[in-house]
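Numbered per the working numbering, the sequence shown spans residues 1 to 235.
In this text, a Cβ means the ideal position worked out from N, Cα and C, and glycines have one as well.
Below: one structure, written as structure tokens.
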Amino acid sequence: MSNNSSSYESDLENSIVLNVNLDALKKSASNVFQVQCTSIQEFNEGGFHKVYILKIEDSKEYIGRLAISVYPQWKTESKVAVIEYIRLNTHISVPKVYYWNSSVNNLVGTEYILIEYLPSIRLCEIWSNLSIKKKKLFLLKIIDIQLVLKKLMFSKIGSIFFDSKNDQFKIGQVIESIFFTGERATLPTMEWGPFKTTKEYILAVIRNQMHYYSMFKSTKKQKCLIPKYEELYQL
């Protein structure tokens, strides 16, 4: 890392800590948008990401979404593919992805996505002040989005990825926290999918959990939980 690298820690007790080169992120944004990126401001964070607002010389703003090193490559690649799939196959408004890098071995120092900034207000910030009528309207809109997504049918249970062979999409391994958090991502016996049926998926989750507890949990927890998983497996 250069001397300009930033190890940013917010005031939140459980804030994500990322050792990244923000100057490299600015340079990447400048190259992608062909206009100088003048500043970066921390905006928000989720369970696996920090989000920055990138201000560009032409007064436009974009989002830089930086991932922590949890299950590298696969989470970012599926995230981008899901956004693009929804954009192409539904009327749901999603941000445009301008650039993404799923390697941790880049100048920024982590995986990242440069996407469109859609200014908005978080519903949790205004919910208590809304009338019942407006709350119903919001809920109906959310239901409409859920119904649209529910109509998207796939032949397997897994996550969406780009298919490099034909410039289309494919269903690959499952990207869910129960498959990669803790030390799960390091287990060679983990079953990732994709799965043909719901039963196949559920049984794989149970086997994965039993193996995980047998490898990384105390004897007390093993004796408590593994028999329960074994009982579930026999149902």
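Three-state secondary structure assigned by DSSP to residue i
i: D163; result: strand
i: F154; result: coil
i: I68; result: coil
i: H49; result: strand
i: S59; result: coil
i: I226; result: helix
i: I115; result: strand
i: T38; result: strand
i: W100; result: strand
i: Q73; result: coil
Contact set for residue i: own chain, Cβ-Cβ below 7 Å, skip 5 residues either direction
i: S102; result: Q73, T76, E77 and E111
i: D39; result: Looking at the sequence itself, residue 39 is Ser, so the reference to Asp does not match. For S39, where only same-chain residues beyond five positions count, the Cβ hits under 7 Å are K55.
i: T90; result: V148
i: G172; result: G158, S159, F161 and P194
i: N44; result: V51
Contacting residues, own chain, Cβ-Cβ under 6 Å from residue i (five flanking each side not counted)
i: A185; result: Y71
i: E61; result: I53, K55 and Y117
Alpha-carbon spacing of residue i relative to residue j, whole angstroms
i: L235; j: K228; result: 11 Å
i: Q222; j: E183; result: 16 Å
i: N3; j: I63; result: With a pLDDT of 40 at N3, under the threshold of 50, the modelled position of that residue is not reliable, and no figure is offered here.
i: S6; j: K26; result: A caution first: S6 carries a pLDDT of 40, below 50, which makes its placement in the model unreliable, though a value can still be read off. Rounded to the nearest angstrom, the two C-alpha atoms are 12 Å apart.
i: V97; j: I115; result: 4 Å
With 16 other Cβ atoms within 10 Å as the buried cut-off, status of residue i
i: F180; result: buried
i: L118; result: exposed
i: N208; result: buried
i: Y233; result: exposed
i: K79; result: buried
For residue j and residue i, believed in contact at Cβ under 8 Å, the rounded distance
i: G109; j: V20; result: 4 Å
i: G193; j: I157; result: 6 Å
i: F169; j: A81; result: 6 Å
Same chain only: Cβ atoms within 8 Å of residue i, ignoring 5 sequence neighbours per side
i: G46; result: none
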